[in-house]
Amino acid sequence: MPLSDHSTIALRAAASTALRALQTQIRWKAGKDLQHLAKRQALGHLPATASVETYNAFIHSLATGSGAVYRYSFRGTDYFAIRGTIHGLAWLVIFDQSGLVETAFPPDDIDRYLAKRGFQYLATREEILPL
73 MPLSDHSTIA LRAAASTALR ALQTQIRWKA GKDLQHLAKR QALGHLPATA
123 SVETYNAFIH SLATGSGAVY RYSFRGTDYF AIRGTIHGLA WLVIFDQSGL
173 VETAFPPDDI DRYLAKRGFQ YLATREEILP L
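Residue numbers (the numbering used here): 73 to 203.
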């Protein structure tokens, strides 16, 4: 469903706040960083030697680099996502309105993933939050 101008402005403002928090400090729910790291390693998205710090550095790079910002609504709650590229691979970072990371991974087909789950494009990262 297309967003009204008012909704778009409000969502861009919320995305800006969330993205600034994500850029300032990569935060996870308790224990989820290790759980997600192990999954990315098991799937070959990150090397077995990668640490949480390595994973967080990927996330920070995506949050501060060129990319596209999306809105994702799940059970009445808005989340945001940033799409970017690391080492030639498209990654997606999903985070809540406070900047808390939900997940970060490279979908097999990122365009299909975004469309199938109803992500709505908001703007580029630079339009949402210029550095």
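Virtual Cβ for every residue (Gly too), placed ideally from N, Cα, C.
Could you tell me which of His132, Val173, Gln169 sits nearest to Thr157, measuring between CA atoms?
His132
Terminal residues of the continuous alpha helix (DSSP H) containing Ser133?
124-136
On a CA-only basis, which of Ser138, His159, Gly160, Thr175 is nearest Phe152? Give me that one, please.
Thr175
So, with DSSP's three-state summary, where would you put Ala86?
helix
Determine the contact status of Asp168 and Ala102, defining contact as a CB-CB distance below 9 Å.
no
Delimiting residues of the beta strand (DSSP E) encompassing Asp150:
149-158
Which residues does DSSP list as the beta-bridge partners of Ser145?
Asp150
Could you give the DSSP three-state label for Thr196: helix, strand or coil?
strand
Cutting at 6 Å between CB atoms, please list the residues of its own chain near Leu109, excluding the five before and the five after it.
Val124, Tyr127
Is it the case that the Cβ atoms of Leu194 and Arg143 are separated by a distance below 9 Å?
yes
Limits of the alpha helix (DSSP H) - the one that Leu106 falls within
104-114
Sequence-distant residues of its chain with Cβ nearer than 7 Å to Ser170 (five each side left out)
Ala90, Ala93
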